Amino acid sequence: MAYNPTTVANYFIGKYSKTGNLTPMKVIKLTYIAYGWYLALTDKKDRLIDEKPLAWDFGPVFPSLYYSIKQYKKNIITEKIPNPVSNERISGDDEKFLDKIWELYGRFDGIYLSALTHTEGSPWTKVYRKDMNAVISDDDIFDHYKTKLKPISL
């Protein structure tokens, strides 16, 4: 099932806000990284999120999530953010998946996670042009994360 990006972000916030130093940047990047791994692990048969990420100036972003979270600026988020799909629930299997993403990436701050999404050859670098808001294709994201499956097993 594909979720609204805010639903996925709120899962991280609800579960880890007490210990995770969750800034908007960290939440946005964790959500994007989870999206990428999900595409790779399901062999592109399923999408975690029902919105396409865009290549903004500061990296890959799900626009609806950005606009829901931007009021926090660089501050720590301590409570769930407004969600247009308030009754949406994450399945048990997807919760386990998101917990694994947290286990692998939760210790990093937003700046480090952002750097991961900006590496040379990343899906973002393939389509980014200043102020253009290009869609990052699932094919590029899938290819990027699929190459990482061998060394890391979720």
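Just so you know, the sequence shown maps onto residues 2 to 155 in my numbering.
Where a beta carbon is used, it is the ideal one built from N, C-alpha and C, also for glycine.
Since the model is a prediction, treat every value here as computed from it, not as a measurement.
Taking 9 Å as the cut-off, the Cβ atoms of F143 and A3 do not count as close. Distance from H119 to G60 at the Cβ level is roughly 6 Å; contact confirmed, criterion being Cβ atoms closer than 8 Å.
Shown here for Y36: same chain residues with a beta carbon closer than 6 Å to its own, the five before and five after excluded, namely L49, I50 in chain order.
For L55, the enclosing beta strand (DSSP E) has its first and last residue at 55 to 57. Boundaries of the beta strand (DSSP E) harbouring V62: 60 to 62, taken from the DSSP string.
Here the stretch 18 to 27 does not lie against the stretch 89 to 96, with fewer than 3 beta-carbon pairs under 8 Å apart.
Look at V28 here: in three-state DSSP terms it is helix. For the pair of segments examined, the stretch 124 to 131 was found not to touch the stretch 9 to 16: the number of CB pairs separated by less than 8 Å stays below three.
Assignment of Y129 by DSSP, reduced to helix, strand and coil, places it in the coil class. Assignment of beta-bridge partners to Y4 by DSSP yields I50.
One Cα belongs to L66, the other to K151, and the distance between them is close to 30 Å. Rounded to whole angstroms, P64 and K149 show a C-alpha spacing of 26 Å. Exclusion of the five residues before and after D139 leaves L40, K45, R48, K53 as the residues of its chain whose Cβ lies within less than 8 Å of its Cβ.
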